[in-house]
Every structure is written in structure tokens, then in C-alpha cells.
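Chains as they are written, first to last, in the working numbering: chain A, 1 to 165; chain B, 1 to 165. Have a look at the structure below, then the notes.
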């Protein structure tokens with residue numbers, strides 16, 4: 001009797017021990033990880049100065065004139081220019097230091113009394129990133145194609161400036 | 001007599017322990033108990049990469065950014081720019097032991113007084129992860145809920161990862 005009772009007692013004790021080691025809570029390891037997100041406002045673009053080719057006297061054959069981002073006009077021979085041309089000037093606000101790209105609409109026309117003139121081959125001097133205060137200021141130049149014997153008068157048109165991240 | 005008394009006393013003691021363990025076989029004196037104890041190393045959990053939803057532009061309607069464990073973001077009603085990363089973790093434990101990974105149901109990212117909810121946490125350790133060779137590496141993804149016109153800012157928060165045997 002004594003032997004039997006003794007032998008059972010350690011077995012039960014061992015059973016209890018196994019139960020303790022199997023308890024899940026004792027071995028769980030918990031860590032807190034970091035999560036983040038940056039919400040960015042959409043870019044807002046504002047035109048500061050409208051693009052202007054000022055006054056142009058083309059030769060009868062017409063031709064292309066190129067307005068640079070510095071505001072100078074270049075052309076083939078026969079053109080005369082009056083007034084002060086101006087490149088387009090824009091301000092965009094976005095995310096500080098974030099890379100950005102500038103693009104333009106295509107198929108733009110400048111219209112007036114005569115046949116429409118094509119405006120394209122846009123250039124710009126935007127930095128590759130918004131600056132530290134979230135600004136991107138840049139000038140826009142373009143090429144205007146004047147038709148032969150273009151009717152004199154006031155011509156105007158629009159173009160789209162697209163600033164993207 | 002003395003010997004018998006002692007033996008009875010021990011038998012009763014054994015029965016008492018057995019009842020405490022919830023057994024109804026306390027008086028079956030011929031059973032041999034089986035004891036098993038798996039000694040396992042304490043799990044160490046390390047966050048290698050913070051979860052990041054990257055740069056997101058909100059819209060006029062509420063949306064979501066679903067960050068997969070692969071690090072790709074699937075946006076709905078928001079614009080995702082770049083910069084996202086899934087959370088990446090390494091757990092060390094006893095080789096060949098199965099692991100149980102538990103993630104939060106929902107957490108909050110805050111920026112000043114503004115908040116966003118993160119939920120649907122998931123990992124890529126599979127349905128029956130194992131500490132193969134003593135380590136278990138996995139990624140954590142989740143869903144970010146972006147409010148309509150969510151205020152710009154850098155949002156931070158934490159989430160809990162529990163790894164258990």
C-alpha cells in the first residue's frame with residue numbers, strides 16, 4: 001500500500017507540472033510596433049504672371065518664335081518685336097522637399113482675328129523638388145507658330161500647367 | 001497498523017491533488033500517469049521595419065489605403081504617392097516549434113488633434129507558422145482609413161504584435 005501510494009503521488013505531481021509549463025500566457029511575447037502615414041494636401045498651382053509675347057511683326061512667310069523662361073524672344077529672320085515679353089510665372093504649393101514634375105497641355109491654340117496659331121514646346125525652370133517652405137516657383141516659356149500672312153490683331157489663348165508629385 | 005495508516009493517509013493526499021486537477025479518476029489506484037514537459041526558449045520579438053503607409057493625398061470623400069505585406073499600397077478614394085513599407089518582424093524561439101501570431105483589431109494614428117484608424121492587420125507567416133531553425137520572420141500589413149479631406153500632417157501610432165507558442 002505504501003509503495004503504491006507513493007508511486008502515484010509523484011506521477012500526479014508531474015502531471016501538475018506539465019500543466020503549468022503548457023500555460024500559454026507565460027510564454028507570450030508582446031511588442032508594440034510603430035505605424036505611420038503622411039497626409040499630403042493636393043498641390044495648388046497659381047499663375048502669377050500671364051505669358052506674353054508682346055507685339056510681334058512677322059514676315060509674310062510667318063514662322064516660329066521662341067519665348068524663353070528668361071523672357072527673351074528668339075526667331076528666324078524677318079521678325080520685329082516691340083514691348084516687353086514675359087514668360088508665364090507660376091507658384092505651386094505642395095509637400096516640402098518632395099520631388100515634383102511639371103508638364104503642359106498639348107494642342108493649345110492662340111486665337112484672334114486671323115487663323116489660330118499653335119502654342120507648344122513649353123519649357124520651364126522648376127526645381128526638381130518643392131522647397132523647404134512647400135513652394136515651387138517657376139517660369140514657363142513656349143514656342144508660338146505664326147502662320148503666313150497672319151492677320152494683325154490681338155490674339156490670346158490658354159494652356160494648362162500640370163504639377164504633380 | 002501504523003504502516004497501514006500511513007499508506008491510507010498518502011492515498012488520500014494523492015486523491016486530494018487529483019481532485020484539484022479536475023480529475024474524476026482519483027480513486028483508480030492502478031493508473032500510471034504520463035508527464036510531458038516541453039522546455040522552450042522565451043520568444044524574443046524584434047521590429048526591423050516600421051509600418052509606413054507613405055505619402056497619401058486625401059480627397060473630398062473618405063477612402064482607404066490597403067498596405068499589403070509585400071509593401072504595395074492599394075488606394076481607394078485617395079491618391080498614394082510613395083514611401084510605403086510593411087512592418088517587418090523577426091521572432092526567435094525554439095526551433096521547429098509552432099508559433100501563434102496575434103495582431104491588434106484596430107489602432108489609431110494621430111497627428112496633433114487629428115486621427116486615422118488602422119485595422120485589418122495581417123501577416124505573411126501563413127496559417128501554421130513555425131520557428132524553423134529557431135527564427136520566424138514575417139511582415140505585417142493593414143488598412144488605413146483616411147477621412148474626407150483628412151488634415152495634412154505626419155500621423156504616428158503603434159500596434160501590438162503577440163507571438164506565442
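C-beta: ideal position from N, C-alpha, C; glycine also.
Q | Near-chain B residues of the stretch 30 to 64 of chain A - C-beta to any C-beta below 9 Å | A | 30, 31, 32, 33, 34, 35, 36, 37, 38, 39, 40, 41, 42, 43
**Q.** Other residues of its chain near residue 64 of chain B: CB distance less than 8 Å, five sequence neighbours each side excluded
**A.** 75, 76, 77, 78, 143, 144, 145, 146
Q | Where residue 100 of chain B falls, given that 16 or more other Cβ within 10 Å makes a residue buried | A | exposed
Q: Could you tell me which chain A residues have their CB closer than 7 Å to the CB of residue 151 of chain B, listed as they occur along the chain?
A: 39
Q) DSSP on residue 12 of chain B, reduced to helix/strand/coil? A) Since pLDDT at residue 12 of chain B reaches only 36, below the 50 mark, its modelled position is unreliable, and no value is offered.
Q. Any C-beta of chain B sitting closer than 9 Å to the C-beta of residue 21 of chain A?
A. With a pLDDT of only 40 at residue 21 of chain A, under 50, the local geometry of the prediction cannot be trusted, and no value is derived from it.
Q.
In the DSSP output, which residue or residues are listed as bridge partners for residue 52 of chain B?
A. A:36, B:85
Q) Out of A:83, A:84, A:85, A:100, which has the shortest C-alpha to C-alpha gap to residue 91 of chain A? A) A:100
Q: In the DSSP assignment, find the beta strand (DSSP E) that holds residue 172 of chain B and state where it starts and stops.
A: The structure shown has nothing for residue 172 of chain B, since chain B only spans 1 to 165.
Q.
Taking the straight line between their C-alpha atoms, what separation do you get for residue 21 of chain B and residue 37 of chain B?
A. Residue placement at residue 21 of chain B cannot be trusted, given a pLDDT of 43 that sits under 50; what the coordinates show is reported in the next sentence. Going from the Cα of residue 21 of chain B to the Cα of residue 37 of chain B covers about 17 Å.
Q. If you pair each beta-carbon of the stretch 25 to 41 of chain A with each one of the stretch 42 to 53 of chain B, do three or more pairs fall below 8 Å?
A. yes
Q. Going straight from the alpha carbon of residue 91 of chain B to that of residue 44 of chain B, what length do you get?
A. 6 Å
Q. What did DSSP end up calling residue 21 of chain B once you bin it into helix, strand or coil?
A. A caution first: residue 21 of chain B carries a pLDDT of 43, below 50, which makes its placement in the model too unreliable to give a value.
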